[in-house]
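Numbering (the UniProt record's numbering), first residue to last: 1 to 226. Taking it in order: structure first as C-alpha cells, then the write-up.
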C-alpha cells in the first residue's frame with residue numbers, strides 16, 4: 001500500500017489523495033462519522049504542518065475554526081486519538097499547546113474499503129500499483145494487426161470494428177478481452193486482470209457495446225469478468 005507522506009516529490013498530489021480518501025470515507029458513513037471526519041479534514045487543510053508532520057493548534061483556535069465550543073473540541077479530539085488518526089507527540093503544558101501528528105497508515109487502513117468509490121485509478125495508485133498509462137503501453141497507430149475474424153463470432157467482428165476505429169486503444173485494452181459466453185442479450189468478456197477489466201468498464205464500455213450492437217442488435221449488455 002502506498003503511504004502518501006506529503007513530503008518530497010509529488011507531495012501535493014499525495015495530500016490530495018489523503019484528503020480524498022477521508023472524504024470518500026466520510027460520505028459513506030452516518031452523520032456522526034461524517035461530521036468528525038469533516039472536522040479533521042478542515043483542521044488538517046488549514047493548520048497541518050506537512051513538512052514537520054505536526055499539528056500544533058490551541059483548542060480556542062480549533063473551536064473558532066469548527067464553530068463549536070472548547071468542550072466540543074476536547075471531545076472530538078479525544079475521538080480522533082481513540083481512532084488512532086491523531087497521535088500526541090508532546091502534551092501541552094505551561095501555556096504550550098499539545099502537538100499531534102497524523103498516523104497516515106492507520107487512516108489509509110480505515111478508509112481502504114472506500115477507495116473504489118473514487119475510481120480504479122485512485123484505488124491502484126493508493127495501493128502503490130502503476131498508473132494505467134504504465135500498465136499497458138499504447139502501441140503506435142498502424143502497428144497493431146487486425147484481429148482474426150475466422151470464427152465469425154459477434155465479439156471477433158466487433159473487435160474488427162474497434163480496431164478500425166482506433167488501433168491504439170484496441171491494442172492496449174480491447175485485444176486482450178476474450179469472449180467467455182453469451183446468454184440471450186448478455187455478452188460476457190474475460191479480462192486478463194482486475195485492473196484491466198475495471199479500466200475498460202469505466203472508460204471504454206460505451207464504445208465496446210456500440211461495436212457489438214453494430215454486429216448484433218440483440219446484444220443488450222456487455223459484462224467484463226476476470
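Where a beta carbon is used, it is the ideal one built from N, C-alpha and C, also for glycine. This structure is a prediction, so every number in the text was calculated from the model and none was measured.
Under three-state DSSP, which class holds residue 144?
-> The sequence position of residue 144 within the chain shown is 144, counting from 1. It is coil, neither helix nor strand.
Thinking C-alpha only, which one of 89, 208, 52 is nearest residue 97?
-> In the chain shown, the residue the question calls residue 97 occupies position 97. For the residues 89, 208, 52, the minimum Cα distance to residue 97 belongs to 89.
From this set, 29, 19, 52, which residue's C-alpha is nearest residue 40's C-alpha?
-> The residue labelled residue 40 in the question sits at position 40 within the chain shown. Checking every option, the nearest Cα to that of residue 40 belongs to 19.
Residues bridged to residue 228 by DSSP?
-> The structure shown does not extend to residue 228, since the chain is modelled only from 1 to 226, so the question has no answer here.
Same chain, Cβ closer than 8 Å to residue 24, five either side skipped, listed in chain order | Position 24 of the chain shown, counting from 1, holds the residue named residue 24. Within the same chain, 111, 114, 115, 117, 118 come within 8 Å of residue 24 by CB-CB distance, once the 5 residues on both sides are set aside.
Should residue 14 be counted as a contact of the ligand ADP given a C-beta to heavy atom distance under 7 Å?
-> Among the components of this structure there are no ligands whatsoever, and the ligand ADP is therefore not found.
Who are the Cβ neighbours of residue 57 in its own chain at under 6 Å, not counting the five residues just before and after it?
-> Taking the chain shown and counting its residues from 1, one reaches residue 57 at position 57. Around residue 57: 47.
Can you give the Cα-Cα distance for residue 135 and residue 190, rounded to whole angstroms?
-> By 1-based counting over the chain shown, the position of residue 135 is 135. By 1-based counting over the chain shown, the position of residue 190 is 190. The predicted position of residue 135 is uncertain, since its pLDDT is 44 and thus under 50; no value can be drawn from it.
Report yes or no: do three or more beta-carbon pairs, one from the segment 153–160 and one from the segment 205–222, lie closer than 8 Å?
-> Flag = yes, the segment 153–160 and the segment 205–222 touch.
Tell me whether the beta-carbon of residue 101 lies closer than 8 Å to the beta-carbon of residue 87.
-> For the purposes of this step, residue 101 is identified with residue 101 of the chain shown, where counting begins at 1. For the purposes of this step, residue 87 is identified with residue 87 of the chain shown, where counting begins at 1. Yes.
What is the C-beta distance between residue 146 and residue 163, in whole angstroms, given that I count them as a contact (C-beta under 8 Å)?
-> Position 146 of the chain shown, counted from the first residue, corresponds to residue 146. Position 163 of the chain shown, counted from the first residue, corresponds to residue 163. A Cβ-Cβ separation of about 5 Å places residue 146 in contact with residue 163 under the 8 Å criterion.
Which of helix, strand or coil does DSSP assign to residue 217?
-> Translated into the one-based positions of the chain shown, residue 217 becomes position 217. DSSP places residue 217 in coil when its eight states are reduced to three.
Thinking C-beta only, is residue 76 closer than 8 Å to residue 60?
-> The residue you call residue 60 lines up with position 60 of the chain shown. The residue you call residue 76 lines up with position 76 of the chain shown. The answer is no: Cβ separation not under 8 Å.
Between 121, 203, 223, 206, which lies nearest to residue 184 when the distance is taken from Cα to Cα?
-> Indexing the chain shown from 1 puts residue 184 at position 184. Taking residue 184 as reference, the option from 121, 203, 223, 206 with the minimal CA-CA separation is 223.
Between which two residues does the alpha helix (DSSP H) harbouring residue 61 extend?
-> Here residue 61 corresponds to residue number 61 of the chain shown, with the count starting at 1. For residue 61, the enclosing alpha helix (DSSP H) stretches over residues 59–66.
From 43, 178, 105, 216, residue whose alpha carbon lies closest to that of residue 192 = Mapped onto the chain shown, residue 192 falls at position 192. The option with the nearest alpha carbon to residue 192 is 178.
Can you grab the Cα-Cα spacing for the pair residue 188 / residue 30, in whole Å?
-> As a first step, residue 188 is located in the chain shown; it is residue number 188 there, counting from the start. As a first step, residue 30 is located in the chain shown; it is residue number 30 there, counting from the start. One C-alpha to the other measures close to 37 Å.
Is residue 73 closer than 8 Å to residue 82 when the C-beta atoms are compared?
-> To locate residue 82, count along the chain shown from 1; it is residue 82. To locate residue 73, count along the chain shown from 1; it is residue 73. Contact: no.
Going by beta carbon distance, what residues of the same chain come within less than 6 Å of residue 4, once the five residues before and after it are set aside?
-> By 1-based counting over the chain shown, the position of residue 4 is 4. Any reading at residue 4 is ruled out, since the residue's pLDDT is 48, under 50, leaving its predicted position unreliable.
Kindly give me the distance between the Cβ atoms of residue 144 and residue 170, rounded to whole angstroms, as I take these residues to be in contact under 8 Å.
-> Numbered from 1 along the chain shown, position 144 holds the residue referred to as residue 144. Numbered from 1 along the chain shown, position 170 holds the residue referred to as residue 170. Their Cβ separation, rounded to whole angstroms, is 6 Å, which keeps residue 144 and residue 170 in contact under 8 Å.
Neighbourhood of residue 198 by C-beta, 7 Å cutoff - its chain only, sequence neighbours within 5 removed | The count along the chain shown starts at 1 and reaches residue 198 at position 198. Excluding residues within five positions, the ones whose Cβ falls inside 7 Å are 120.
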